[in-house]
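Everything below concerns the one structure shown next.
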Amino acid sequence: MFIDKVKIYIKSGNGGNGSASLHTEKYVNNGGPDGGDGGKGGDVVFVATSSENTLNAFHYQKHFRAGDGENGGRQRSFGKQGADVVIKVPVGTVVKNSDGQIVCDMFEDGQREVILRGGKGGRGNWHFKTSRRQSPSFAEHGVKTSEYEVTLELKTIADVGLVGFPNVGKSTLLSVVSDAKPKIANYHFTTLSPNLGVVSYRDQTFVMADIPGLIEGASEGAGLGHSFLRHIERTRLLVHVVDISGSEGRDPLDDFQLINNEIFGYDAQLEKLPMLVAANKMDMPDAETNLRRFREKYGDRYTVIPMTTLIHEGTEELIEAIASVLKDLPPAAPLSYAPISLQRELSDDFAVETLADGVFEVTGGLVEMLSRRVNLDDYDSFRYFQRVLRDRGVIAELRKCGAADGSTVIVGDIEFEFVD
Ligand SMILES: Nc1nc2c(ncn2[C@@H]2O[C@H](COP(=O)(O)OP(=O)(O)OP(=O)(O)O)[C@@H](O)[C@H]2O)c(=O)[nH]1
Ligand SMILES: [Mg+2]
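First residue of the sequence shown? That's 68 in this note's numbering, and the numbers climb one at a time after it.
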């Protein structure tokens, strides 16, 4: 099993409710409001790790929920914050929303992104005490959060991608030049998922990925198909391994053309990547003749390095060539995208809640939007605020819920008297 694309469901924690407690003490009649604030809900956090190469873990767990904030208590005691949920993903994981837009690219080991913020805790009733209202018997509700669906897509990040027909010796090469220990065997599709290895050469180190499963029609989904082509996108250089001896009865020149067609057919941009050719299995009959033919046809465009990977012949030369090309290439960069925030998607909705008789609270994305824009000390700003409430139907909804002249309306940090 190799999973490199998966849908999961995430939810940050709800904010805890504020408390509407009134202080009581023996012999004290009315000690005033002392309800504490609710705790903030936990965040949903993604962390990139290089110790994972697949998204397989998400086959078993698809739902992730951060903890809810606790409600506020008496004596102004704050509710506890909800626990964050931390989701570890392999380096190179791209997080997308349900419309396929990129939320973030988990590009670097240790990178940490808060994808969903926990709901704000509600304020306790002592915040609402005024000279005219000594004992507010209401408190704010915590912000309720919703669940979001996101797609995780692994686009392996490697400096070098090894491509080529099955059974040509890609994994053998990776095992010889890097620290990786891939499975090697004399049949097609031995390797079923991209393997990564770290190669050191003098003062340089680079990551090499063995991209398996490419055959004719791969760009249309044949064989292991499309899914592996995705992992080539982020490499800086390709090494095309061919069985130059044609030991399986195919012509290595055809092999080369065919695999190139699949790669460039998948994404024409990949044609711009530098490509070196590893002409492998030089120990086998016909290899010399084929190498000559290959060089005649492709020698002008490609550096062709003859090798017998099995006995480590030619591998030094290849690594040297790779290192010298990489040195002049710009470093790998994350995808360029305008990050979108999941939580902003529903920024227009609102809800009216009745906190107590004659006290109403408006919640939802609209409120968040307004509270960032409205400055209450400014007359024009307040007019704007009222107009938005009317235009969006908030006033009508308040009326429907029973608001009348003199009712108290709370919108985020703003509190005002309802005038019908
Ligand atoms: N004669 C010869 N055989 C080799 C050479 N390099 C690799 N092989 C053999 O070729 C076979 C395939 O090698 P792998 O490294 O598994 O090939 P692969 O390209 O990773 O194959 P898949 O994972 O199936 O795509 C194995 O039996 C290797 O021992 C070589 O230089 N000469
Ligand atoms: Mg292999």
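Just so it is clear, CB atoms sit at the ideal spot from N, CA and C, and this is done for glycine as well.
Between Gly189 and Gly82, the beta carbon gap of about 6 Å places them in contact (Cβ cut-off 8 Å).
Three or more Cβ pairs drawn from the region 337 to 357 and the region 304 to 324 lie within less than 8 Å of each other, which places the two stretches in contact.
In the three-state reduction of the DSSP assignment, Ser242 falls in the helix class, which pools H, G and I. Annotation: Ala418 to Gln148 spans about 24 Å, alpha carbon to alpha carbon. Taking non-hydrogen atoms of ligand 1 into account, the C-beta of Lys163 is found less than 6 Å away from none of them. Within the same chain, Cβ atoms closer than 7 Å to the Cβ of Val265 are found at Ser245, Asp246, Thr272 and Val274, the five residues on either side in sequence being excluded. For Ser267, DSSP records a beta bridge to Thr272. A contact is defined here as three or more CB-CB pairs under 8 Å, and the region 233 to 244 fails this definition with respect to the region 453 to 470.
Just measuring C-alpha positions, the residue of Ser86, Ser408 and Leu433 sitting nearest Ser202 is Ser86. For Pro373, the closest C-alpha among the options Glu363, Lys364, Tyr365 and Glu384 is that of Glu384. Listed in chain order, the beta strand (DSSP E) elements of length 3 or more contained wholly in the region 123 to 155 are 130 to 132. Note that the C-beta distance between Ile278 and Phe295 is below 7 Å. Assigned with DSSP and collapsed to three states, Pro249 falls in coil, not helix or strand. When the beta-carbon positions are compared, Val371 and Val392 stay at least 7 Å from each other.
Boundaries of the beta strand (DSSP E) harbouring Pro373: Thr370 to Pro373, taken from the DSSP string. Assigned with DSSP and collapsed to three states, Asn262 falls in strand. Remark: fewer than three beta-carbon pairs, one from each stretch, lie closer than 8 Å, so the region 122 to 139 and the region 174 to 181 are not flagged as touching. Separation of Gly98 and Ser144 (C-alpha to C-alpha, rounded to the nearest whole angstrom) is 16 Å.
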